[in-house]
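Single-structure report; data block below.
Number of protein chains: 2
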Amino acid sequence: MQGYPEVCVLRLGHRPGRDNRMTTHVGLTARALGADRVSIAGDASNSRDTIRDITDRFGGPFEVELTEEWRPLVRDWPGVVVHLTMYGERVQDVEGAIRERHRDEGDPLLVVVGSQKVPFDVYEASEFNVGVTNQPHSEVAGLAVFLDRLFEGAELDREWTDADRRVVPRATGKEVVPIEEDGEHGSGEEPS
Amino acid sequence: MQGYPEVCVLRLGHRPGRDNRMTTHVGLTARALGADRVSIAGDASNSRDTIRDITDRFGGPFEVELTEEWRPLVRDWPGVVVHLTMYGERVQDVEGAIRERHRDEGDPLLVVVGSQKVPFDVYEASEFNVGVTNQPHSEVAGLAVFLDRLFEGAELDREWTDADRRVVPRATGKEVVPIEEDGEHGSGEEPS
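Heads up: the sequence lines are chains X and A, in that order. So for the first sequence, this note's numbering puts the first residue at -1; every next one is plus one. So for the second sequence, this note's numbering puts the first residue at -1; every next one is plus one.
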């Protein structure tokens, strides 16, 4: 997110077919809540294409990549590695230290989210193993709460570039307006 | 959650088979992040059983129910109805008003989460239509951020009853300890 050091989400444990929707939701959540890119380990071309399509329509910048070799990404990451796991330290206890490294000291952040089975070396290679509760729930939910706390809500005000449409917040109903090429907003409900 | 008026999550739009995992994650996220129960519209017995199994093992109280007739639940809800949608008002703008109704004035809260298509009458029947960002991402992520903000993090300190195990937060590795019937914690790593 603009004004912050890089945040990359690494999605481990993707099983083609079975995990397509969960992986897509991990990627879209990363995008919507302030991460700069998602790297997906495994054959997730379906999810990658969906995330790219959303970025094309609703804006970026946001990058998606597939990787077979995720271990070098973790091992050689030039900053802080955080692994989200229900076995980790409580997020409320460590989020301040992580923010200090990321926002204050400028270290890029790699956020690792798995599914069922994460290899033990990920626990060892991560500077922080973090639990968004120590209860079993959802890697999507854990990532969402973690990012919202990391940015302390600033991600909700993120601006988007190269979008071709924009949703206008409304108390009732749906309003989507086209964005013209010069960057001005068109009018959705009352075309002129 | 103890000390708060009821929070019920209503999951709409469940398609058997295709949505099983998303619906399970909605339910587990509701449980882990402070809701009291989830009501699932449609034939989601698979998800219900998984959520019950987790509650049996990791504790409650938390209720799961399936419903064919969800409209009366919305129509007759004796409190505030919040519908999470990317078309809604910005969560950062309305969360204070919702907390005031829920925590301060004591109104039970119904949180409606859909999937692709939510009938228009849900928008009209909801006192608040709320967007956790106005971007497309995940109903699981939206629910998670909403609950964390609703409770202002207090849900992370929730205590659990009738669990048979407990995860001990750790900087590295996994520790799960059995909970004995008298409520004392057994020792996981160093059995006495």
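Every residue gets a Cβ at the ideal spot worked out from N, C-alpha and C, and that includes glycine.
| Query | Result |
| --- | --- |
| Examine chain A for any beta-carbon lying closer than 8 Å to the beta-carbon of residue 45 of chain X, and answer yes or no. | no |
| Identify the contact partners of residue 59 of chain X in chain A, using a Cβ-Cβ distance below 7 Å as the criterion. | Correct list: empty, because the minimum Cβ distance to chain A is about 14 Å. |
| Find the residues of chain A that neighbour residue 279 of chain X, judging by a C-beta separation of less than 8 Å, and give them in chain order. | Nothing about residue 279 of chain X can be reported from this structure: the residues present for chain X run from -1 to 190 only. |
| From the DSSP secondary-structure annotation, give me the bridge partner or partners of residue 176 of chain A. | A:163 |
| For residue 45 of chain X, I'd like the list of residues in its chain whose CB is within less than 7 Å of its CB, leaving aside the five on either flank, ordered along the chain. | 18, 21, 22, 25 and 38 |
| Can you give the Cα-Cα distance for residue 87 of chain X and residue 104 of chain X, rounded to whole angstroms? | 22 Å |
| Could you name the residues that DSSP lists as bridge partners for residue 39 of chain A? | A:65 |
| Out of curiosity, what's the CA-to-CA distance linking residue 75 of chain A and residue 124 of chain A? | 10 Å |
| Tell me, which residues are paired with residue 127 of chain A by DSSP? | A:81 |
| Quick check on residue 72 of chain X: does DSSP put it in helix, strand or coil? | helix |
| Would you decide whether residue 34 of chain X is buried or exposed? Buried here means 16 or more other CB atoms lie within 10 Å of its CB. | buried |
| Nearest-angstrom Cα distance between residue 185 of chain A and residue 132 of chain A? | Residue confidence for residue 185 of chain A is low, a pLDDT of 43 falling below 50, so the modelled location carries little weight and cannot support an answer. |
| Closest by CA to residue 16 of chain A, which one among A:41, A:122 and A:36? | A:41 |
| What residue from A:5, A:1 and A:0 has the CA that sits closest to residue 144 of chain A's CA? | A:5 |
| Write down the C-beta distance between residue 85 of chain A and residue 157 of chain X rounded to the nearest angstrom, noting that I regard them as a contact closer than 8 Å. | With 8 Å as the limit, residue 85 of chain A and residue 157 of chain X do not qualify as a contact, their Cβ atoms being about 19 Å apart. |
| Consult DSSP for residue 116 of chain X and reduce its assignment to one of helix, strand or coil. | coil |
| Name, please, each residue of chain A whose Cβ falls closer than 7 Å to the Cβ of residue 2 of chain X. | Within 7 Å Cβ-Cβ: nothing; residue 2 of chain X doesn't reach chain A, min ~16 Å. |
| In angstroms with no decimal places, state the Cα-to-Cα distance between residue 79 of chain X and residue 98 of chain X. | 14 Å |
| Residues of chain X with a CB under 7 Å from the CB of residue 169 of chain A: which are they? | 87 and 127 |
| Out of curiosity, what's the CA-to-CA distance linking residue 100 of chain X and residue 29 of chain A? | 30 Å |
| If I'm right that residue 139 of chain A touches residue 139 of chain X with Cβ under 8 Å, what's the distance once you round it to whole angstroms? | 6 Å |
| Which residues of chain X have a Cβ atom closer than 9 Å to the Cβ of residue 52 of chain A, listed in chain order? | 133, 134 and 135 |
| Among the candidates A:68, A:152 and A:147, whose CA atom is the shortest distance from the CA of residue 112 of chain A? | A:68 |
| Where does residue 87 of chain A sit, in a helix, a strand or coil, going by DSSP? | strand |
| Could you work out which residues of chain A lie near residue 149 of chain X, taking near to mean beta carbons separated by less than 8 Å? | None at all; the shortest Cβ gap to chain A is about 11 Å. |
| I'd like the list of long-range same chain contacts for residue -1 of chain X, defined as Cβ closer than 8 Å, with 5 residues on each side in sequence excluded. | 5, 32, 33, 34, 149, 152, 153 and 156 |
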